[in-house]
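*Asks:* Structure incoming, see below.
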Amino acid sequence: MIPFPVLSIITWAPFVGAVLIMFTARHRPLAVRLIALVTTTISTVLSVFIYVVYDREAAGFQFYERVPLVPPLGISYEVAVDGMSLLMVLLTSVIIFAGVFASWTVATRSQEFYALLLALVTGVYGVFVSLDVFVFFLFYELAVLPMYLLIGIWGSSGEVRPRGVFAWAFRQTGVGTKEYAAMKLTLYLLFGSAFILVGMFALYVNAGAASFSFLDLEATTFDPTVQFWVFLAFYVGFGILAGIWPLHTWSPDGHASAPTAVSMLHAGVLMKLGAYGVVRLGMGLLPEGATDLAWLVGSIACVNVVYGALSAMGQTDLKYVIAYSSVSHMGLVMLGAATLTEAGLNGAVFQMFAHGVMTGLFFALVGLVYEKAHSREIFRMGGFGRVMPGIATAFTVASLSSLGLPATSGFVAELLTFMGAWRSAHPWWLWPAVAGTFLTAVYVLRVAKQIFWGPPSPHFHHLEDARGPEWVALVLLTAVIVVFGVAPGLAIGPVDTATVPLLARIIRP
Amino acid sequence: MLTGSPTLALVVLGLPAASFLALALLRPLRRAGRLAGGVSITAIGAAFGAACLLWLRATSRAPLTSPSTSWAWIPADGEPMATVGVMVDELSMTMAVLVTLVSFLVQLYSLAYLVDEPAPSLGRYYAYHSLFAFSMLGLVLAPSFVQMFVFWELVGLCSYLLIGFWYDRPAAARAAAKAFWITKLGDLGFVAGIVMLWASAGTFDFWTLFGQAAGGTLPTEGLATIMFLIYLGAVGKSAQFPLHIWLPDAMEGPTPVSALIHAATMVTAGVFMVTRAFPLFGLVPDVLVLVAWVGAFTALLAASMACVESDIKRVLAYSTVSQLGYMMAAAGAGAPGEAFAHLVTHGVFKALLFLGAGVVIHLFHTNDVFRMGGLTGLPAVWVPFVLATLALAGIWPLPGFFTKEAILAGVLEGGFVGPFVLLAAGAFLTAFYMFRVVFLAFFAPAHGGHHGHHHVPTLMAAVCWTLAGLTVALGLRTALVGEHHPAPAWLPWLSLALALGGVGLAWSMYRRGVPDPAVVAAALRPLEWMARRRYGLDGLFAAAYRWGLLALASLVGWVDRYVVDGVLNVLSAWTLQGGDRLRRLQTGLAQDYVYGVALGALCLLVLARWAWS
Chain A
1 MIPFPVLSII
11 TWAPFVGAVL
21 IMFTARHRPL
31 AVRLIALVTT
41 TISTVLSVFI
51 YVVYDREAAG
61 FQFYERVPLV
71 PPLGISYEVA
81 VDGMSLLMVL
91 LTSVIIFAGV
101 FASWTVATRS
111 QEFYALLLAL
121 VTGVYGVFVS
131 LDVFVFFLFY
141 ELAVLPMYLL
151 IGIWGSSGEV
161 RPRGVFAWAF
171 RQTGVGTKEY
181 AAMKLTLYLL
191 FGSAFILVGM
201 FALYVNAGAA
211 SFSFLDLEAT
221 TFDPTVQFWV
231 FLAFYVGFGI
241 LAGIWPLHTW
251 SPDGHASAPT
261 AVSMLHAGVL
271 MKLGAYGVVR
281 LGMGLLPEGA
291 TDLAWLVGSI
301 ACVNVVYGAL
311 SAMGQTDLKY
321 VIAYSSVSHM
331 GLVMLGAATL
341 TEAGLNGAVF
351 QMFAHGVMTG
361 LFFALVGLVY
371 EKAHSREIFR
381 MGGFGRVMPG
391 IATAFTVASL
401 SSLGLPATSG
411 FVAELLTFMG
421 AWRSAHPWWL
431 WPAVAGTFLT
441 AVYVLRVAKQ
451 IFWGPPSPHF
461 HHLEDARGPE
471 WVALVLLTAV
481 IVVFGVAPGL
491 AIGPVDTATV
501 PLLARIIRP
Chain B
1001 MLTGSPTLAL
1011 VVLGLPAASF
1021 LALALLRPLR
1031 RAGRLAGGVS
1041 ITAIGAAFGA
1051 ACLLWLRATS
1061 RAPLTSPSTS
1071 WAWIPADGEP
1081 MATVGVMVDE
1091 LSMTMAVLVT
1101 LVSFLVQLYS
1111 LAYLVDEPAP
1121 SLGRYYAYHS
1131 LFAFSMLGLV
1141 LAPSFVQMFV
1151 FWELVGLCSY
1161 LLIGFWYDRP
1171 AAARAAAKAF
1181 WITKLGDLGF
1191 VAGIVMLWAS
1201 AGTFDFWTLF
1211 GQAAGGTLPT
1221 EGLATIMFLI
1231 YLGAVGKSAQ
1241 FPLHIWLPDA
1251 MEGPTPVSAL
1261 IHAATMVTAG
1271 VFMVTRAFPL
1281 FGLVPDVLVL
1291 VAWVGAFTAL
1301 LAASMACVES
1311 DIKRVLAYST
1321 VSQLGYMMAA
1331 AGAGAPGEAF
1341 AHLVTHGVFK
1351 ALLFLGAGVV
1361 IHLFHTNDVF
1371 RMGGLTGLPA
1381 VWVPFVLATL
1391 ALAGIWPLPG
1401 FFTKEAILAG
1411 VLEGGFVGPF
1421 VLLAAGAFLT
1431 AFYMFRVVFL
1441 AFFAPAHGGH
1451 HGHHHVPTLM
1461 AAVCWTLAGL
1471 TVALGLRTAL
1481 VGEHHPAPAW
1491 LPWLSLALAL
1501 GGVGLAWSMY
1511 RRGVPDPAVV
1521 AAALRPLEWM
1531 ARRRYGLDGL
1541 FAAAYRWGLL
1551 ALASLVGWVD
1561 RYVVDGVLNV
1571 LSAWTLQGGD
1581 RLRRLQTGLA
1591 QDYVYGVALG
1601 ALCLLVLARW
1611 AWS
């Protein structure tokens, strides 16, 4: 085995970076960026390393580390990865690595910005590698909370006109401002956390109150009633973060208001924490609860897919389009998981990865376009392809992955989800899923056409293509989309080793 | 000598792929323009050579062993869920030869046609072309439905990118998106169909599926639905009614692109797919009847629209739609071999028609046939075009005559009298509208001044002549050594008579003015009015898009913002208001607090009494 605690290094390197930035790099923006770059590079390199050396024959949890924290309560720092979390760790690394470059130009208080960003990333890594449910929850909160400051301080406000019968409430709450978005996102996610916490303790108590370890809980068979209610609690709690309808409205506002790297991380990785939580804790620990409630999860996911896509089509603000597309794609993730089939679950996990990279690229591009054109209004832009061909190309690749074109990672994820849906107990799920891909094709290509095609406007002649560090983010993400689309086995190989045993527990003869 | 087949097929596939990767990744090479073109042309030329070699081998192989070689693509616990590979049989190799040949000639022609294009965008053009050649070959060689779908979408992408090659023209941008969306509509059926087929048969692999179909082990329950859905993919790609509306607009792309993608190869993918999967379609006669009727209807409908069109490329586009209808009708009538034969000959002479039209457009800088003319003195321009027109019209001994007659025979043999009548009427119109173009564009009196140069670039002329030679050769080969169909003896004569009738009417109307075209148009006023407006189909789709889809999207967006989120904001506002009200309890006056304490104590007392008793 690996003689050094590789998962802990991956997890804590960004945190160490955050501390170093706070204490040593005051008023030295370049040092801030270099520290962030070095620490995330360490995590990224090691993520690729464990991805390569992970033993696919042996499968199961590997790179295991354990340090008891509160022995009387059975809480310990226990980390390991299996095929599923392996891919999620890789995704996190790709996004944060690109995110460091994408936020290279953050000017105001970059020291605090990077420190918070890195602390948040440690939380994300921690969630994906933790085996102890209690520590899992701590990391989960660490991932959610810095968002409040990141959006509230570095975000941007949009404009939402109060309309309809509830207009008075819009005026009172300040809809559209970044402060509103930050508060809404934080409160909503904490509301979800409450459900998770309750579910977690219910499991702990029902399993004999001896251990929070996932492995111990997994070995326990819970009472069907407990399974039902705890699964429901996990589904609502984690589902809020995964953007399930109708609890998704934090996401468009939050993602639209957040600064570029934060949108990338949040839509790219954090929403996956929600789906990951449902799959890992919900389906992993509560097989009967999952079976009982699969109809609910899948049907709401279908609403997400179609409703999210239609909402995206109805937006005129570029960031909102991308944000709503996440709602739609997270529906596909949840749908794949709810099919409880090998194809569907592999598709769901792969979709988490594919959508993470794709939406990360989208938000990086939107950030660049906004920075250059100072506009997010789709119908005020046009003809940018002539002046920023690199950005236009990357946007096209992201669009194609979004609409599930073969040779991008989005296709395989969608195909597997379709296959799972038709083989599931609810074959009708296939139709909304398929319709969603068409709607996606309509709204992404419509946006691409409006912004990048058409005659170049004299208004925008001075705009430039991406520069220096920005290229790194675009090229990296584009390459990942294409490589994993052409060779999906790279990801599905390890994922399959994790999903098959999980399903075996669910579908017992 | 079969051992080399998969390797050689991979070479055919790999050459354009390598060229695409080189052009996509090596920026200086791509921006070099003509050098990039050279790389792409060399690759596709070599692929053509390899495909010919493979074709010779594939036609002489034993039919019972599996012609596919596959590798795992999407792994799973047991067997891989999807595989990729190559399938080398006569069908795929004939198609591969056609694709590489036309690609090679069109890429060569483009060097001269796009001579004014700046170097970087010429490099981009050739990168797209290489990607297209790779994708089309991948589709043709696909041993499984899933690989076919993968490349099916990729050729759609190339079509999108090449229609929108001049992306700053609004019309091109619109046409590209329209083409993508309309074909995607059909592809929804395709992907759902193959997923359902996988669920019932357990595989995507053609050879296994055909084995199951032949052995009767393929579950037939729901098979008709599945095959109908798969057929929808072909409806989109091969421009069948009612999804044909994208193809005429696709003419916004450069003319060589129209020749290659929107006439000779990509649009025929639907016919190819139905031919390839015919062992499965053969099990569902109901779907085949639909295929035949829709094909025949499309053939006639498109032909009628071609009669009133004045844009030379659009006439050719309608004619492509119409000919695709012929092929589909044949496939539906149970004659996929005839459909495929027509696909091949049509690929050759339709490419020639487009490239010939490109020469004329190059001379006149317009697409309008009424502003052309006076080319009688330039046989280099009109001879290849007229040859191809004769082939399309179905005049003996050119290849169109034989393959079209075979289609008519096949449809009649299948017992489809209705489609036969539609197709026969279409044959008459085909000859008419094509010669209308010939007489207007080439032999009408010259229109003063307009055309700048009377020089046809050698390269363009050479490509046209090559294709013309090939057309004649294909026809003569069939005339001399081709086997004859057990068709009714009157059929060839009917076919020829319809074609000659069409030519004669066109000659009389557009050379002699008898009857005057305007008078004819007035006599057929309602029909002409409808055909000019494309029977309202484009408008219908546009309205469904604007007033259906976009309006629904705005509504959902509004509901999400002002109702779903509105409820949340109301809860939030209530919380704020509640907090605000409760805050007023804290008045800061000691008396108020004393009253409060007294009231509280009283309540506690009452509560205590009540609880005890």
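Note that the protein sequences, when read in sequence, are chains A and B. Letter by letter, the first sequence follows residues 1 to 509 of this note's numbering. Letter by letter, the second sequence follows residues 1001 to 1613 of this note's numbering. Ideal Cβ placement from N, Cα and C applies to all residues, glycine included. All of these numbers come straight from a predicted model, not from anything done at the bench.
#1: Locate the beta strand (DSSP E) running through Gly-1085 (chain B), then write down its first and last residues.
#2: Considering Cα atoms alone, identify which of A:Val-357, A:Ile-378, A:Tyr-77 is closest to Ser-402 (chain A).
#3: Pro-510 (chain A) to Phe-212 (chain A), Cα distance in whole Å?
#4: When the Cα of Arg-376 (chain A) is compared with those of A:Gln-450, A:Ile-481, A:Gly-208, which residue comes out closest?
#5: Could you pull out every residue in the same chain whose Cβ sits closer than 8 angstroms to the Cβ of Ala-119 (chain A), ignoring the five residues on either side in sequence?
#6: Considering just the uninterrupted stretch of the alpha helix (DSSP H) at Ile-1074 (chain B), what are its terminal residues?
#7: If I follow the unbroken alpha helix (DSSP H) through Tyr-77 (chain A), where does it start and stop?
#8: Is it the case that the Cβ atoms of Gly-1356 (chain B) and Ala-1499 (chain B) are separated by a distance below 8 angstroms?
#9: Do Ile-481 (chain A) and Ser-399 (chain A) come within 8 angstroms of each other at the CB atom, strictly closer than that value?
#10: Under the three-state reduction of DSSP, which class applies to Leu-69 (chain A): helix, strand or coil?
#11: Counting only the same chain and skipping the five closest in sequence on each side, list residues whose C-beta sits under 6 angstroms from that of Val-1284 (chain B).
#12: For chain A, check one thing: does any of its Cβ atoms lie closer than 8 angstroms to the Cβ of Glu-1221 (chain B)?
#13: From what residue to what residue does the alpha helix (DSSP H) around Pro-1120 (chain B) run?
#14: Whose CA, out of A:Ala-435, A:Pro-501, A:Ala-261, lies closest to the CA of Leu-474 (chain A)?
#15: Taking the alpha-carbon positions, what's the Ala-407 (chain A) to Ile-1074 (chain B) distance?
#16: Is Asp-1116 (chain B) buried or exposed, if buried means 16 or more other CB atoms sit within 10 Å of its CB?
#17: What is the DSSP secondary structure of Asp-223 (chain A), reduced to helix, strand or coil?
#18: Tell me, to the nearest whole angstrom, how far the beta carbon of Tyr-307 (chain A) is from that of Trp-250 (chain A); I am working on the premise that it is less than 8 angstroms.
#19: Counting only Cβ pairs nearer than 7 angstroms, list the residues of chain B close to Gln-111 (chain A).
#20: Using a Cβ-Cβ distance cut-off of 8 angstroms, determine whether Gly-1579 (chain B) contacts chain A.
#21: Scan the region 470-490 of chain A for residues whose Cβ lies nearer than 7 angstroms to a Cβ of chain B and list them as they occur along the chain.
#22: Does the region 78-86 of chain A come close enough to the region 232-244 of chain A that 3 or more CB-CB pairs lie under 8 angstroms?
#23: Could you list which residues in chain A have their beta carbon closer than 7 angstroms to that of Lys-1184 (chain B), in chain order?
#24: Measure the alpha-carbon distance for Gly-514 (chain A) versus Ala-498 (chain A) and round it to whole angstroms.
#25: Straight-line CA distance for Val-1567 (chain B) to Val-144 (chain A)?
#26: What are the start and end residues of the alpha helix (DSSP H) that includes Trp-1152 (chain B)?
#27: Taking its Cβ as the centre, do 16 or more other Cβ atoms sit within 10 Å of Tyr-140 (chain A), making it buried, or is it exposed?
#28: On the criterion of 16 or more Cβ atoms from any shown chain inside 10 Å, does Ile-507 (chain A) qualify as buried, or is it exposed?
#29: Measure the C-alpha to C-alpha separation of Phe-128 (chain A) and Leu-439 (chain A) and round it to an integer number of angstroms.
#30: What does Tyr-1077 (chain B) reach in chain A if we use C-beta pairs closer than 8 angstroms?
#31: Going by C-alpha to C-alpha distance, which of A:Leu-281, A:Arg-467, A:Trp-229, A:Thr-316 sits closest to Pro-252 (chain A)?
#32: With a Cβ-Cβ cutoff of 8 angstroms, do Leu-7 (chain A) and Val-81 (chain A) count as a contact?
#33: For chain B, find out if any of its Cβ atoms is closer than 8 angstroms to the Cβ of Gln-351 (chain A); answer yes or no.
#34: Below 9 angstroms on C-beta distance, what does Pro-1118 (chain B) contact in chain A?
#35: In this structure, does DSSP put Tyr-64 (chain A) in helix, strand or coil?
#36: Kindly indicate which residue of B:Phe-1439, B:Pro-1399, B:Leu-1301, B:Ala-1199 has the alpha-carbon position closest to the one of Ala-343 (chain A).
*Replies:* Working from what's here:
#1: Taking the first residue of the second sequence as position 1, residue 1085 (chain B) is located at position 85. Where Gly-1085 (chain B) is concerned, the enclosing beta strand (DSSP E) stretches over 1082-1087.
#2: Here the question's residue 402 (chain A) lines up with position 402 in the first sequence. That would be A:Val-357, whose Cα lies nearest to the Cα of Ser-402 (chain A).
#3: Here chain A covers residues 1 to 509 and nothing more, so residue 510 (chain A) does not appear.
#4: For the purposes of this step, residue 376 (chain A) is taken as the residue at position 376 of the first sequence. Out of A:Gln-450, A:Ile-481, A:Gly-208, A:Gln-450 has the C-alpha closest to the C-alpha of Arg-376 (chain A).
#5: Counting from one through the first sequence, the residue named residue 119 (chain A) turns up at place 119. Sequence-distant partners of Ala-119 (chain A) (beyond 5 residues in either direction) whose C-beta falls short of 8 angstroms from its own C-beta, in its chain, are Pro-14, Phe-15, Ala-18, Leu-142, Pro-146.
#6: Mapped onto the second sequence, residue 1074 (chain B) falls at position 74. Segment 1068-1074 is the beta strand (DSSP E) holding Ile-1074 (chain B); no alpha helix (DSSP H) there.
#7: In the first sequence, residue 77 (chain A) corresponds to position 77, counting from 1. Not the alpha helix (DSSP H): Tyr-77 (chain A) falls in the beta strand (DSSP E), residues 75-81.
#8: As a first step, residue 1356 (chain B) is located in the second sequence; it is residue number 356 there, counting from the start. As a first step, residue 1499 (chain B) is located in the second sequence; it is residue number 499 there, counting from the start. Going by C-beta atoms, Gly-1356 (chain B) is not nearer than 8 angstroms to Ala-1499 (chain B).
#9: Translated into the one-based positions of the first sequence, residue 399 (chain A) becomes position 399. Translated into the one-based positions of the first sequence, residue 481 (chain A) becomes position 481. The criterion of a C-beta distance shorter than 8 angstroms is not satisfied by Ser-399 (chain A) and Ile-481 (chain A).
#10: The sequence position of residue 69 (chain A) within the first sequence is 69, counting from 1. Three-state DSSP puts Leu-69 (chain A) in a strand.
#11: Translated into positions along the second sequence, residue 1284 (chain B) becomes position 284. Taken in chain order, the residues that qualify are Leu-1223, Ala-1224, Met-1227.
#12: As a position in the second sequence, residue 1221 (chain B) is number 221, starting the count at 1. It does not; no Cβ of chain A falls within 8 angstroms.
#13: Residue numbering aside, residue 1120 (chain B) sits at position 120 when the second sequence is read from its first letter. Residues 1119-1140.
#14: Position 474 of the first sequence, counted from the start, is the residue given in the question as residue 474 (chain A). Measuring from the Cα of Leu-474 (chain A), the nearest candidate turns out to be A:Ala-261.
#15: In the first sequence, the residue the question calls residue 407 (chain A) occupies position 407. In the second sequence, the residue the question calls residue 1074 (chain B) occupies position 74. The C-alpha of Ala-407 (chain A) lies about 13 angstroms from the C-alpha of Ile-1074 (chain B).
#16: As a working mapping, residue 1116 (chain B) is identified with position 116 in the second sequence. Around the CB of Asp-1116 (chain B), fewer than 16 other CB atoms lie within 10 Å, so the residue is classed as exposed.
#17: Locating residue 223 (chain A) in the first sequence gives position 223, counting from the first residue. Note: Asp-223 (chain A) maps to coil in three-state DSSP.
#18: Position 307 of the first sequence, counted from the start, is the residue given in the question as residue 307 (chain A). Position 250 of the first sequence, counted from the start, is the residue given in the question as residue 250 (chain A). Under the criterion of beta carbons closer than 8 angstroms, Tyr-307 (chain A) and Trp-250 (chain A) do not qualify as touching, at roughly 15 angstroms.
#19: Counted from its first residue, the first sequence places residue 111 (chain A) at position 111. By Cβ distance, chain B contributes nothing, its closest Cβ being about 33 angstroms from Gln-111 (chain A), past 7 angstroms.
#20: As a first step, residue 1579 (chain B) is located in the second sequence; it is residue number 579 there, counting from the start. Under the Cβ distance rule, Gly-1579 (chain B) does not count among the residues neighbouring chain A, no pair being separated by less than 8 angstroms.
#21: Listed by position, the residues of the region 470-490 of chain A near chain B (Cβ gap below 7 angstroms) are Pro-488, Gly-489.
#22: The region 232-244 of chain A is not in contact with the region 78-86 of chain A.
#23: The sequence position of residue 1184 (chain B) within the second sequence is 184, counting from 1. Near Lys-1184 (chain B) (Cβ distances below 7 angstroms), the residues of chain A are Phe-438, Ala-441.
#24: The structure shown does not extend to residue 514 (chain A), since chain A spans only 1 to 509, so no value can be given for it.
#25: Taking the first residue of the second sequence as 1, we reach residue 1567 (chain B) at position 567. Taking the first residue of the first sequence as 1, we reach residue 144 (chain A) at position 144. Those two C-alpha atoms are separated by around 24 angstroms.
#26: Taking the second sequence and counting its residues from 1, one reaches residue 1152 (chain B) at position 152. Here the alpha helix (DSSP H) through Trp-1152 (chain B) covers 1145-1163.
#27: Indexing the first sequence from 1 puts residue 140 (chain A) at position 140. Residue burial is scored here from C-beta neighbours: Tyr-140 (chain A) has at least 16 other C-beta atoms within 10 angstroms and is therefore classed as buried.
#28: In the first sequence, the residue the question calls residue 507 (chain A) occupies position 507. The C-beta of Ile-507 (chain A) has fewer than 16 other C-beta atoms within 10 Å across all chains shown, which makes the residue exposed.
#29: Position 128 of the first sequence, counting from 1, holds the residue named residue 128 (chain A). Position 439 of the first sequence, counting from 1, holds the residue named residue 439 (chain A). Each residue's Cα considered, the two are about 32 angstroms apart.
#30: Here residue 1077 (chain B) is taken as the residue at index 77 of the second sequence, counted from 1. The sequence given here places Asp at residue 1077 (chain B); Tyr does not occur at that position. Residues of chain A passing the Cβ test: Glu-342, Asp-496, Val-500.
#31: Numbered from 1 along the first sequence, position 252 holds the residue referred to as residue 252 (chain A). Taking Pro-252 (chain A) as reference, the option from A:Leu-281, A:Arg-467, A:Trp-229, A:Thr-316 with the minimal CA-CA separation is A:Thr-316.
#32: Position 7 of the first sequence, counting from 1, holds the residue named residue 7 (chain A). Position 81 of the first sequence, counting from 1, holds the residue named residue 81 (chain A). With respect to Val-81 (chain A), Leu-7 (chain A) sits close: the two C-beta atoms are nearer than 8 angstroms.
#33: For the purposes of this step, residue 351 (chain A) is taken as residue 351 along the first sequence, with counting starting at 1. Not a single CB atom of chain B sits nearer than 8 angstroms to the CB of Gln-351 (chain A).
#34: What you label residue 1118 (chain B) is simply residue 118 of the second sequence in a count that begins at 1. Correct list: empty, because the minimum Cβ distance to chain A is about 12 angstroms.
#35: For the purposes of this step, residue 64 (chain A) is identified with residue 64 of the first sequence, where counting begins at 1. Here DSSP, grouped into helix, strand and coil, assigns Tyr-64 (chain A) to strand.
#36: Here residue 343 (chain A) corresponds to residue number 343 of the first sequence, with the count starting at 1. Closest by C-alpha distance to Ala-343 (chain A), out of B:Phe-1439, B:Pro-1399, B:Leu-1301, B:Ala-1199, is B:Ala-1199.
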